[in-house]
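Just below is one structure, and these are the notes that go with it.
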Amino acid sequence: MIVMATSNGDVGICQATEALKQGKTAVDAVEIGIREVELNRKDRSVGIHGYPNILGVAELDALIMDGRTRNVGAVGAIKGYDHPISVARGVMEKLIHVFLVAEGAERFASEMGHAKSTYEDPEMRDIYEKYIREKLDIDDPNTLHDSTELWKLSHLAVDPQKAGGTTNFIARDGNGDICVGVSTSGWGWKYPGRLGDSPVISAGGYADNRYGAAACTGTGELCIRAGTARSLVTYLKTGMTLVEATTEATKDLNELTAQRIGGVNVIAMGADGSHYSGNTGEAKGRHIFMTPEMDAPETVEGVAVPYEGS
Ligand code: ASP
9 MIVMATSNGD VGICQATEAL KQGKTAVDAV EIGIREVELN RKDRSVGIHG
59 YPNILGVAEL DALIMDGRTR NVGAVGAIKG YDHPISVARG VMEKLIHVFL
109 VAEGAERFAS EMGHAKSTYE DPEMRDIYEK YIREKLDIDD PNTLHDSTEL
159 WKLSHLAVDP QKAGGTTNFI ARDGNGDICV GVSTSGWGWK YPGRLGDSPV
209 ISAGGYADNR YGAAACTGTG ELCIRAGTAR SLVTYLKTGM TLVEATTEAT
259 KDLNELTAQR IGGVNVIAMG ADGSHYSGNT GEAKGRHIFM TPEMDAPETV
309 EGVAVPYEGS
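Note that the working numbering gives residue 79 to position 71 of the sequence shown, counting from 1, and the numbers run on in steps of one.
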């Protein structure tokens, strides 16, 4: 039994590991861990308090995939709900579809009994307005709502180190079943309706008990273009080791030179619960992990595959 996560998963990894210890499934553990991150008001990259889009609205994305059945559920650009990961789980378990976005996802959340969030962020309006005023020299950010040239401003969402971030969880339970989960508010100041990799099945996350699982954080556009999580699992299928498969999937990201605006961190678990991570920057891949025998999570570094293009 083991849980691995991105470092912002530290607020939920103990609860996720405890769930496994109590005999809960990998799917339960991933949902339990991610719900804690979604409620961590200090984390501006996940949950309703995450950085909003360019119109000041938080649009959230999430995905959960059960490696036992290869069933999956995802929601994109959902607004006003505290736990996109639980809505995604509902999609996986209750619908014949696997991916809902925007109003449809919100309608489904309500039908599933999720209450609309009552949380009002005391700081975000000021953060947003200050950013828009300083970056765009626009006195009244509300005027953006009527703009017909928002697209020209989409380059604002270019700094994922400052306004990006996502949480990834992968768990393997006592039955050897693996689950991956991803949740994010996506890039801050993004174009309305923009989806990153996080809810995109095979890009932001993928799990298959037979080989392993993977998930990504960072520049979602790259992971969508490379199909990163699924590629990594397919590399495992071909017989590569976890280190080789992670390195190869990270290298694939570095083959993408056009419209390149940032890097990616990939975390991966083998079918046996081994774990590793890769990063397209100078820094090594990084993740945390915990087993029921441990009192606290440990941080582990993986491979750096620095991008060498221009
Ligand atoms: N991958 C996320 C996205 O593209 C953002 C991030 O992890 O920084 O929306």
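We put the CB at the ideal spot given by N, CA and C, even for glycine.
Short of 6 Å in beta carbon distance, which residues of its chain neighbour residue i, apart from the five on each side in sequence? Order them along the chain.
{"i": "A110", "result": "A85"}
{"i": "P149", "result": "E137 and I140"}
{"i": "I178", "result": "M12, V188, A221 and M277"}
{"i": "G196", "result": "Y59 and A171"}
{"i": "G281", "result": "I10 and R180"}
{"i": "F107", "result": "A82"}
{"i": "G194", "result": "D69 and G204"}
{"i": "R52", "result": "G58 and Y59"}
Leaving out the 5 sequence neighbours to the left and right, which residues in its chain are closer than 7 Å to residue i when beta-carbon positions are compared?
{"i": "R218", "result": "A279"}
{"i": "D185", "result": "T33, A34, G75, R76 and N217"}
{"i": "E309", "result": "K292, G293 and R294"}
{"i": "I93", "result": "E39, I42, R43, E46, A70, I72, G189 and S191"}
{"i": "G88", "result": "E114, K124 and S125"}
Grab the span of the beta strand (DSSP E) containing residue i for me, first residue to last.
{"i": "M12", "result": "I10 to A13"}
{"i": "A304", "result": "Careful: A304 lies outside any beta strand (DSSP E) and carries neither H nor E."}
Note the first and the last residue of the continuous alpha helix (DSSP H) segment covering residue i.
{"i": "D36", "result": "A34 to E46"}
{"i": "T242", "result": "T236 to K245"}
{"i": "S94", "result": "P92 to K102"}
{"i": "D260", "result": "L250 to N262"}
Could you give the DSSP three-state label for residue i: helix, strand or coil?
{"i": "R141", "result": "helix"}
{"i": "D74", "result": "strand"}
{"i": "E309", "result": "strand"}
{"i": "T225", "result": "strand"}
{"i": "D154", "result": "helix"}
{"i": "G199", "result": "Reading off the sequence shown, one finds Tyr at residue 199, where the question assumed Gly. Reduced to three states, the DSSP call for Y199 is coil."}
{"i": "A215", "result": "strand"}
{"i": "V208", "result": "coil"}
Per DSSP, what are the beta-bridge partners of residue i in this structure?
{"i": "T192", "result": "D69"}
{"i": "F107", "result": "A82"}
{"i": "H57", "result": "BP columns for H57 are empty, so no partner."}
{"i": "M277", "result": "A221 and H283"}
{"i": "A171", "result": "A171 is not bridged to any residue."}
{"i": "N176", "result": "V190"}
{"i": "R294", "result": "E309"}
{"i": "V19", "result": "None; V19 has no bridge partner."}
Can you check whether the C-beta of residue i is within less than 7 Å of a C-beta belonging to chain B?
{"i": "C231", "result": "Absent here is chain B; the protein component of the structure consists of one chain."}
Which same chain residues, not among the five before or five after residue i, have their C-beta less than 8 Å away from its C-beta?
{"i": "G15", "result": "The residue asked about is misnamed: residue 15 is Ser in this sequence, not Gly. These residues qualify, in order along the chain: R294, H295, I296 and T307."}
{"i": "E229", "result": "G204, D205, Q267 and I269"}
Checklist entry - Given 8 Å as the limit, is there contact between the segment 41-60 and the segment 74-84, that is, 3 or more CB pairs closer than that? => result no
Next on the checklist: For the structure I just gave you, are there three or more beta carbon pairs, one from the segment 231-247 and one from the segment 257-276, closer than 8 Å?
Outcome noted: Touching, per the Cβ criterion.
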